Amino acid sequence: MKELSTAKITQAVADLCVEACCRLPEDMRAAFENAKQSEPSAVGRDILQQLLDNAAIARTETVPICQDTGLAVIFADVGQDLHITGGDFTEAINAGVHKGYVEGYLRKSSVAEPLFERKNTGDNTPCVLHVRIVPGDSLRLRLAPKGAGSENKSVLKMLVPADGLEGVRKTVLEAVLAAGPNACPPMVVGVGLGGNMELCCLLAKRAAARDLLSKNPDPRYAALEDELLALVNNTGIGPQGLGGVTTALAVHVEWAATHIAQLPCAVNINCHAARHAEIVL
Amino acid sequence: MSEIKYITAPFDDALARSLRAGDSVRISGVILAARDAAHKRLCECLDRGESLPLDLTGHVVYYVGPSPAKPGQAIGSAGPTTSGRMDAYTPRLLACGLKGMIGKGYRKPEVVEAMKTYGVPYMAAVGGAGALISRCIKKYSVLAWPELGPEALALMEVEQFPAIVVIDCLGNNQYEAGQAPYKKI
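Going down the list, the protein sequences come from chains A and B. Just add 156 to wherever you are in the first sequence, counting from 1, and you've got this note's numbering. Just add 41 to wherever you are in the second sequence, counting from 1, and you've got this note's numbering.
The following block contains the structure:
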């Protein structure tokens with residue numbers, strides 16, 4: 157059986173933290189360039205250019221694209237034939253977050269408890285960890301740091317089957333309108349459909365963390381992604397909410413089986429600093 | 042796009058009232074850095090009848106929680122945070138003489154009313170452009186509550202800090218005016 161040490165996992169997570177927070181994916185950079193060509197608003201074009209300049213500085217100097225380096229959201233797909241050695245898996249992941257955020261000069265935004273003291277943990281742990289057991293003998297780690305400006309605009313609507321496609325359109329549109337400039341547009345909109353309450357939210361999160369140019373493999377849902385993107389870009393919100401046609405760069409939809417009486421719809425918005433980094437060990 | 046206005050902080054009353062929604066500005070001078078936790082503590086000082094760590098008169102507050110400075114840097118990434126979270130505290134601070142705000146996003150109607158009462162503009166910096174904006178920040182010094190980490194109350198020396206006036210002291214709103222021509226729903 158293939159073995160993987162927790163020390164290797166820790167180092168990989170630390171590297172992913174810095175990679176994700178300081179180096180905007182190339183597909184996002186290219187999308188800013190394209191949007192700058194098509195955006196009719198002069199203010200909007202100027203903002204897109206500032207985002208390009210910002211990404212270049214962040215990459216060259218290895219400084220965070222955005223000061224809100226988020227909670228560290230980690231998707232771990234663990235091969236069922238992989239043997240993890242040398243200690244506790246979750247501790248190893250959090251040790252990597254500690255190392256990445258402390259040594260990488262990333263902001264520590266995690267408070268230990270939500271209501272009473274809200275004391276900063278000082279190292280951005282604990283991360284938000286989503287584990288799946290999958291076939292194979294490798295470990296896939298995808299880290300998607302998520303800032304609060306966009307996360308705070310998340311929406312869950314427990315739609316019912318009769319609400320149908322129109323209910324989905326309305327939910328997504330209302331979420332984007334309520335988010336406006338707060339969520340730092342141009343945004344990437346993640347939509348979860350189906351499942352139950354908690355699964356639907358996770359689907360939306362996975363959708364928001366997808367590669368920018370990826371499409372849903374089901375052509376019906378891929379077409380829905382295109383339709384929702386056009387809808388969102390008709391709001392006029394534009395870059396930073398100052399007006400224009402570039403409100404979102406993509407809408408991603410993920411879906412799951414659901415109950416005969418349910419059509420849950422979750423919206424998780426990612427800001428233009430739609431950061432993610434991935435490694436397979 | 043309008044001609045850029047080069048202005049100095051702290052603001053005097055005439056300057057604050059002269060800024061109009063849609064103006065592009067470059068701010069030089071000294072501004073205050075404060076966000077959620079520092080706002081809460083400022084208002085707790087007022088609740089207890091204590092004096093604030095500094096006189097707010099004329100000051101411009103920047104809603105920011107920077108990332109840590111690397112060796113040789115004045116500050117890490119330092120873009121604006123969402124202003125709406127400060128709305129609950131803002132009218133009281135405007136009454137204490139605060140004369141400008143920099144952040145991003147919508148404000149509540151009661152904040153806009155207080156801005157009209159006290160003659161205060163609200164400006165937006167580009168959210169998520171923290172690496173670029175940090176180049177305009179020449180010095181960052183914690184003034185109070187260092188235990189709050191990135192949420193500490195601090196003073197910043199800035200040079201040509203870029204911002205756009207989104208709500209002016211008359212209540213004109215550039216988010217509304219800017220979006221209207223492109224709204225098709």
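Cβ atoms here follow ideal geometry from the backbone N, Cα and C, with glycine treated the same way. Predicted model, so just to flag it, every value in this text is computed and none were measured.
Between residue 101/B and residue 149/B, the C-beta spacing is not below 8 Å.
Across the structure, residue 65/B and residue 58/B are spaced so that their CA atoms are roughly 15 Å apart. Listed along the chain, the chain B residues whose CB falls inside 7 Å of the CB of residue 206/A are 167, 170, 173. Going by beta carbons, residue 268/A and residue 165/A fall outside the 8 Å limit. In the DSSP assignment, residue 432/A falls outside any alpha helix (DSSP H) and carries neither an H nor an E. For residue 437/A, the nearest beta carbon of chain B is not closer than 8 Å to its own beta carbon. Of all residues in the segment 222-246 of chain A, the ones placed with a Cβ closer than 8 Å to any Cβ belonging to chain B are 222, 223, 224, 225, in chain order. A Cβ-Cβ separation of about 12 Å leaves residue 306/A out of contact with residue 360/A under the 8 Å criterion. Neighbours of residue 214/A in chain B, taken as residues whose beta carbon is under 7 Å from its own, are 172 in chain order.
Counting only runs of 3 or more residues that sit fully inside the segment 129-166 of chain B, the beta strand (DSSP E) segments are 141-144, 163-165, in chain order.
Taking a contact as a CB-CB distance under 8 Å, the pair residue 312/A and residue 420/A counts as one, their CB atoms being some 7 Å apart. Runs of the alpha helix (DSSP H) lying entirely within the segment 283-367 of chain A and spanning at least 4 residues, in chain order: 304-307, 320-335, 353-364.
Annotated three-state conformation of residue 421/A is strand, per DSSP. Listed along chain B, the residues sitting closer than 7 Å to residue 262/A by beta-carbon distance are 108. Close CB contacts of residue 243/A within its chain, under the 6 Å cut and outside five residues either way in sequence, are with 162 (chain order). Taking a C-beta distance under 8 Å as the contact criterion, residue 349/A and residue 409/A qualify as a contact pair. Exclusion of the five residues before and after residue 205/B leaves 65, 165 as the residues of its chain whose Cβ lies within less than 6 Å of its Cβ. Each of 178/A, 198/A, 159/A, 179/A was checked against the Cα of residue 398/A, and the nearest Cα belongs to 198/A. Going by DSSP, residue 231/A is part of the beta strand (DSSP E) stretching over 227-235. The alpha carbon of residue 415/A has as its nearest neighbour, out of 297/A, 343/A, 356/A, the alpha carbon of 356/A. Segment contact: the segment 169-177 of chain A against the segment 375-390 of chain A, fewer than three CB-CB distances shorter than 8 Å; contact not assigned. Judged by DSSP in its simplified three-state form, residue 66/B adopts strand. Taking the CA atoms as reference points, residue 52/B sits about 35 Å from residue 177/A. Listed along chain A is no residue with a C-beta nearer than 7 Å to that of residue 104/B; the closest approach is about 11 Å.
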